[in-house]
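In what follows, a structure is listed as structure tokens, so that the remarks can point back to it.
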Amino acid sequence: MSSITNLDFFARRLSQRAALDEEDRAAVSALPFQHRYLNPSAYVVREGEPPRPHCSFVLSGLAFRHKLTVHGARQIVSIHLAGDLLDLQHLFLNIADHSVQALTELEVADIDRDALREMALERPAVGQALWIDGLVDASIYREWVLNVGRRDARARIAHILCEIAVRMHAAGVIDAADFHLPMTQEQLGDATGMTSVHVNRTLKALAKDGLIDHSGRWIAIQDWNKIRREGDFNPLYLHLDQVAPHLPGPLSSMFP
1 MSSITNLDFF ARRLSQRAAL DEEDRAAVSA LPFQHRYLNP SAYVVREGEP
51 PRPHCSFVLS GLAFRHKLTV HGARQIVSIH LAGDLLDLQH LFLNIADHSV
101 QALTELEVAD IDRDALREMA LERPAVGQAL WIDGLVDASI YREWVLNVGR
151 RDARARIAHI LCEIAVRMHA AGVIDAADFH LPMTQEQLGD ATGMTSVHVN
201 RTLKALAKDG LIDHSGRWIA IQDWNKIRRE GDFNPLYLHL DQVAPHLPGP
251 LSSMFP
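Read in order, the letters of the sequence shown are residues 1 to 256 in full-length UniProt numbering.
Here it is as structure tokens:
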């Protein structure tokens, strides 16, 4: 989307999380914002800094959330795509406790933070929608902790590929089980607690076993049921009933 004049997309997104009436949707669409493009690796949020005067809503592209150790080791804790708010966590906090960067070229609507905070307090349905948005994010974080802490290498990679495919499908980015994954092997390693060499070997092993077709950064899931079992993937934690209720049928039918 090359230009926008209001936040109808954001209003529709919040309407998937809670029952907004016409006045709520109109008020959300009328929130003050600025349209902005960011280059890959550009920071949206920086750990240790006061939150910026806006909350960024993703219109297109991907971003990632991460934390750094004192020695500079990075842990990626989530991936974000079209329809996601990138810094809702800091709507009521004084200091950012993690960083968010653009993974690809990123198009965002920078929504005025004070106006969004005021609306969340004054319009209960909007506040509920934002609560649900934050709760879904927290659910995803918990699953990523489990992925890094308790699954083996094959399951970690299989799980993150399943999640990205399902979330891209839910956001309307893809309509089949193949997708461009704009993450380097180093970034995949930072998301799964693995070295880039181990990531490479694991991707090759999954391809050799017929679960995926892997060419550069292009991933095609060859057997959805097998990779789902390999990754111990249960989409319950994504709460798709409140994020993308329009999706038809069971997930296994989406990725034959």
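Glycine included, every Cβ here is placed at the ideal spot set by N, Cα and C.
*From this set, N147, R113, L85, V166, which residue's C-alpha is nearest F92's C-alpha?*
It is R113.
_Please report the straight-line C-alpha distance between E143 and F33, rounded to a whole angstrom._
So the two alpha carbons sit approximately 32 Å from each other.
*Could you pull out every unbroken beta strand (DSSP E) segment of at least 3 residues lying fully inside the UniProt domain "HTH crp-type" (151 to 225), listed in chain order?*
Note on the UniProt domain "HTH crp-type" (151 to 225): whole beta strand (DSSP E) runs with a minimum of 3 residues are 178 to 180, 212 to 215, 218 to 221, in chain order.
*Identify which residue in D209, I79, T104 has its Cα closest to the Cα of D190.*
D190 has its Cα closest to that of I79, out of D209, I79, T104.
*What is the DSSP secondary structure of H71, reduced to helix, strand or coil?*
In this structure, H71 counts as coil in the three-state DSSP scheme.
*Which residues in the same chain have their Cβ closer than 6 Å to the Cβ of Y43, if we skip the five residues on either side of it in sequence?*
For Y43, the CB contacts under 6 Å within the same chain, skipping 5 residues up- and downstream, are Q101 in chain order.
*Identify whether A42 lies in helix, strand or coil by the three-state DSSP scheme.*
Residue state, collapsed to three classes: coil.
*Work out the CA separation of A153 and N200 for me, nearest whole Å.*
Each residue's alpha carbon lies about 11 Å from the other.
*Between the C-alpha atoms of P50 and S56, what's the straight-line distance to the nearest angstrom?*
Distance between the alpha carbons of P50 and S56: 15 Å.
*Helix, strand or coil: which one does DSSP assign to D110?*
Assigned with DSSP and collapsed to three states, D110 falls in strand.
_Beta-carbon within less than 7 Å of C162's beta-carbon, same chain only, minus the 5 sequence neighbours each way: which residues are those?_
For C162, where only same-chain residues beyond five positions count, the Cβ hits under 7 Å are I227, R228, G231, F233.
_I believe G83 touches V108 by the beta-carbon criterion, under 8 Å. Please report the beta-carbon distance rounded to the nearest angstrom._
12 Å between Cβ atoms; not a contact.
*Determine the closest residue to A30 out of R36, V45, D8, G48, with distance taken between C-alpha atoms.*
The candidate whose alpha carbon is nearest that of A30 is D8.
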